[in-house]
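Rendered as structure tokens:
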């Protein structure tokens, strides 16, 4: 737990750290002020009531009121400092974490669920804020109140004070046992919360699939199961706390009982000098007992903070594997030459690509086809360094991609994929996502080249129409054309199209192919497709099977080889294989 507290402290801006220390010092001072009014009460009892002398009453009451108002004013200032600073600290921390996530590589997102990441960025961070704004000052309050009150009571009557605090070691043992029992339960509860959020996020993102397969009841039952598990995890924590709560309450009430019973006997026997001294003990007995009562709740909150902070720390300290090499070369421009030299790639010892070798000159078009799972999309990921090849070398313009600066490499590769993601933004904003300085006329030109201009003009507000997450409100073909326009808008040196025209009709596909040949900038085109019509004019066609290149050449050369490409050609054009040329 100290590790998590130190981490949070280190992540505080110095100005917030100073104000936080001031607020905690105010907390200590207000705890000292708690001793004033019981002392004044003693004087009222001894000097006013017992002595039947009303003269000192008003001044003493004025002191009590002044101390009370002053203490409340200071605590208001303290809480304002803590709340303001904690919100700012978490604001900066959330911003830092989000920024860090932007630069994490694909492996990070492959191994972390979206719902879990959302939980870390919201609920877990909020517990860190709760620690700064409440838990730590309540701990200081409890400790200082107990210590100051105990020391002060010892100066009044040592024997009675020792009788009150003799219960403290027992309470400490109980709270330590509670802490040991409750921590693993908080860890389990945190995981159940993550599971529940993940289930909800997946259901919302995949709502069309759920409805398409009429699986609403199944999804409801699946979420119900996660929800029940989260509820049960919380109940386990509460049951654990309730097991210890009666013992803590009994011991706390025993302190008050000892105060009244033994204190009364001490007044009668003369062990206490006056009834006023007994009033001090009765007035401060809560200051000895209440911190013990609070300790259990604070232990719960501390364990929850510790669990949440550990998850946030894991996110902050995650380091991407794909980074700029220390000696990465500066490349102001990219021509678009591509060389794969005996490239192999594996994930968790499972081979995906094996000994892939091919070359493409700048401005040429290379097409890739093959069965599902043959590794076609992995080629793109390796080219843009979403992953690094396990063996071999990938060169762009003759330089290993590992020697390129990531920003320079990726900003010059425009990618449009079959699984399109569009942001909740305007159509114009989505097309100009990678080229923020692109004019509206430029946006319209690339929309026209992607054959998207016609349907965009028919939208309620044209290019200013807000489209939903993942392009809700557009058809599959329309989303693909917006994504293609977005990829072309950055005027890339390498344009990658991964099944980009799979959801459009043949006439639209031919139009897009014609526009691609007439782009106003030079680029190497990398086409992944299953349609022969999408790749027949390519300068180089690669056939991938089981991670290996089994055929490569032009359209006519591959037809002559009578392999996978030839078979696909015959099937798509309805030509009996024995008649195919």
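Residue numbers (our numbering): 356 to 936.
For every residue, glycine included, the Cβ atom is placed at its ideal position computed from N, Cα and C.
Pick from 857, 849, 778 and 806: whose alpha carbon is nearest that of residue 309? With the chain covering 356 to 936 only, the question about residue 309 has no answer from this structure.
Straight-line gap, residue 885 to residue 464 (C-alpha atoms, nearest Å): One-based indexing of the chain shown puts residue 885 at position 530. One-based indexing of the chain shown puts residue 464 at position 109. Looking at the backbone, the Cα of residue 885 and that of residue 464 are separated by about 28 Å.
Among the candidates 515, 773, 648 and 843, whose CA atom is the shortest distance from the CA of residue 798? As a position in the chain shown, residue 798 is number 443, starting the count at 1. Of the candidates 515, 773, 648 and 843, the one whose C-alpha sits nearest the C-alpha of residue 798 is 843.
Residue 856 and residue 867: beta carbons closer than 8 Å? Against the chain shown, residue 856 aligns to sequence position 501. Against the chain shown, residue 867 aligns to sequence position 512. Yes; because the gap between Cβ atoms is below 8 Å, this pair is in contact.
Here's the rule I'm using: 16 or more other beta-carbon atoms within 10 Å means buried, otherwise exposed. How should residue 371 be labelled? What you label residue 371 is simply residue 16 of the chain shown in a count that begins at 1. Buried, by the Cβ-count rule.
From 580, 533, 540 and 521, residue whose alpha carbon lies closest to that of residue 550: Counting from one through the chain shown, the residue named residue 550 turns up at place 195. For residue 550, the nearest C-alpha among the options comes from 580.
Residue nearest to residue 544 in terms of C-alpha spacing, selected from 746, 358, 660 and 761: Numbered from its first residue, the chain shown carries residue 544 at position 189. That would be 660, whose Cα lies nearest to the Cα of residue 544.
Provide the residue span of the alpha helix (DSSP H) that contains residue 436, from first to last. One-based indexing of the chain shown puts residue 436 at position 81. Where residue 436 is concerned, the enclosing alpha helix (DSSP H) stretches over 412-457.
Cβ of residue 722 within 8 Å of Cβ of residue 893? The count along the chain shown starts at 1 and reaches residue 722 at position 367. The count along the chain shown starts at 1 and reaches residue 893 at position 538. It is a contact, given that the beta carbons lie within the stated cut-off.
Same chain, Cβ closer than 6 Å to residue 460, neighbours up to 5 away in sequence not counted: Counted from its first residue, the chain shown places residue 460 at position 105. So the list reads 675, 676 and 677, once near-sequence residues are dropped.
Put residue 758 into one of helix, strand or coil per three-state DSSP. Numbered from 1 along the chain shown, position 403 holds the residue referred to as residue 758. Residue state, collapsed to three classes: helix.
Just to confirm, are residue 359 and residue 634 a CB contact at a threshold of 8 Å? Position 4 of the chain shown holds residue 359. Position 279 of the chain shown holds residue 634. Contact flag unset, no.
In this structure, does DSSP put residue 917 in helix, strand or coil? For the purposes of this step, residue 917 is taken as the residue at position 562 of the chain shown. Of the three classes helix, strand and coil, the one that applies to residue 917 here is coil, per DSSP.
Taking Cβ positions, are residue 490 and residue 694 nearer each other than 8 Å? Along the chain shown, read from residue 1 onward, the residue named residue 490 stands at position 135. Along the chain shown, read from residue 1 onward, the residue named residue 694 stands at position 339. Contact: no.
State the Cα-Cα distance for the pair residue 484 and residue 503, rounded to the nearest angstrom. In the chain shown, residue 484 corresponds to position 129, counting from 1. In the chain shown, residue 503 corresponds to position 148, counting from 1. As the crow flies, the alpha-carbon of residue 484 is around 28 Å from that of residue 503.
Assuming residue 805 and residue 839 make a contact with CB atoms under 8 Å, what is their CB distance in whole Å? In the chain shown, residue 805 corresponds to position 450, counting from 1. In the chain shown, residue 839 corresponds to position 484, counting from 1. So it is a contact: roughly 4 Å between Cβ atoms.
With distance defined between alpha-carbon atoms, name the residue in 703, 439, 536 and 603 nearest to residue 368. As a working note, residue 368 is residue 13 in the chain shown. Of all alpha-carbon atoms in 703, 439, 536 and 603, the one lying nearest the alpha-carbon of residue 368 is that of 439.
Output the distance between the C-alpha atoms of residue 936 and residue 715, rounded to the nearest integer angstrom. Taking the first residue of the chain shown as 1, we reach residue 936 at position 581. Taking the first residue of the chain shown as 1, we reach residue 715 at position 360. Note that residue 936 has pLDDT 47, beneath the 50 cutoff, so the model's placement of it is unreliable and the number below is only indicative. One C-alpha to the other measures close to 27 Å.
The alpha helix (DSSP H) spanning residue 359 covers which residue range? Within the chain shown, residue 359 is the residue found at index 4, counting from 1. Bounds of the alpha helix (DSSP H) holding residue 359 are 357-365.
Using DSSP's beta-bridge definition, name the partner residues of residue 537. On the chain shown, residue 537 is found 182 positions in, with the first residue counted as 1. Its beta-bridge partners do not exist; DSSP assigns none.
Ignoring anything shorter than 4 residues, give me the alpha helix (DSSP H) runs that lie fully in the stretch 683-771, in order along the chain. Listed in chain order, they are 731-738 and 761-766.
According to DSSP, what are the bridge partners of residue 851? Position 496 of the chain shown, counting from 1, holds the residue named residue 851. Residue pairing of residue 851 in beta bridges, as defined by DSSP: 770 and 881.
Would you call the CB atoms of residue 394 and residue 430 closer than 8 Å? Sequence index remark: in the chain shown, residue 394 carries index 39 (1-based). Sequence index remark: in the chain shown, residue 430 carries index 75 (1-based). No. Outside cutoff.
Could you tell me the boundaries of the alpha helix (DSSP H) in which residue 833 lies? Position 478 of the chain shown holds residue 833. Residue 833 -> alpha helix (DSSP H) spans 831-844.
Do we get a CB-CB distance below 8 Å when we pair residue 689 with the residues of chain B? Among the protein chains of the structure shown there is no chain B, as only one such chain exists.
Do the CB positions of residue 930 and residue 909 come within less than 8 Å of each other? Locating residue 930 in the chain shown gives position 575, where the first residue counts as 1. Locating residue 909 in the chain shown gives position 554, where the first residue counts as 1. Residue 930 is not a Cβ neighbour of residue 909, given a cutoff of 8 Å.
Compute the Euclidean distance between the alpha carbons of residue 788 and residue 698, then round it to the nearest angstrom. Residue 788 sits at position 433 when you count from the first residue of the chain shown. Residue 698 sits at position 343 when you count from the first residue of the chain shown. Residue 788 and residue 698: Cα-Cα distance of roughly 32 Å.
Compare the Cα-Cα distances from residue 683 to each of 759, 469 and 793 and report the closest residue. Start at 1 with the first residue of the chain shown, and residue 683 comes out as number 328. Selected option, being the one with the closest Cα: 759.
Any idea what DSSP makes of residue 922, helix, strand or coil? Start at 1 with the first residue of the chain shown, and residue 922 comes out as number 567. It is helical.
Just grab the DSSP bridge partners of residue 897 for me. Residue mapping note: residue 897 aligns to position 542 of the chain shown, counting from 1. Per DSSP, 723 and 907.
N-terminal and C-terminal residue of the alpha helix (DSSP H) that residue 515 is part of: By 1-based counting over the chain shown, the position of residue 515 is 160. Looking at the DSSP string, the run of the alpha helix (DSSP H) that includes residue 515 is 513-520.
If you reduce the DSSP assignment to three classes, tell me which class residue 860 lands in. If you number the chain shown from 1, residue 860 lands on position 505. Correct three-state label for residue 860: coil.
At the level of alpha carbons, what is the spacing between residue 640 and residue 610? Residue mapping note: residue 640 aligns to position 285 of the chain shown, counting from 1. Residue mapping note: residue 610 aligns to position 255 of the chain shown, counting from 1. The straight-line gap from Cα to Cα measures roughly 7 Å.
Backbone secondary structure at residue 559 - three-state DSSP: For this step, residue 559 is matched to residue 204 along the chain shown. DSSP places residue 559 in helix when its eight states are reduced to three.
At the level of alpha carbons, what is the spacing between residue 406 and residue 413? Residue mapping note: residue 406 aligns to position 51 of the chain shown, counting from 1. Residue mapping note: residue 413 aligns to position 58 of the chain shown, counting from 1. Taking the straight line joining both Cα atoms gives about 15 Å.
If distances are taken between C-alpha atoms only, which option among 556, 925 and 378 comes closest to residue 468? The residue labelled residue 468 in the question sits at position 113 within the chain shown. Nearest of 556, 925 and 378 to residue 468, Cα basis: 556.
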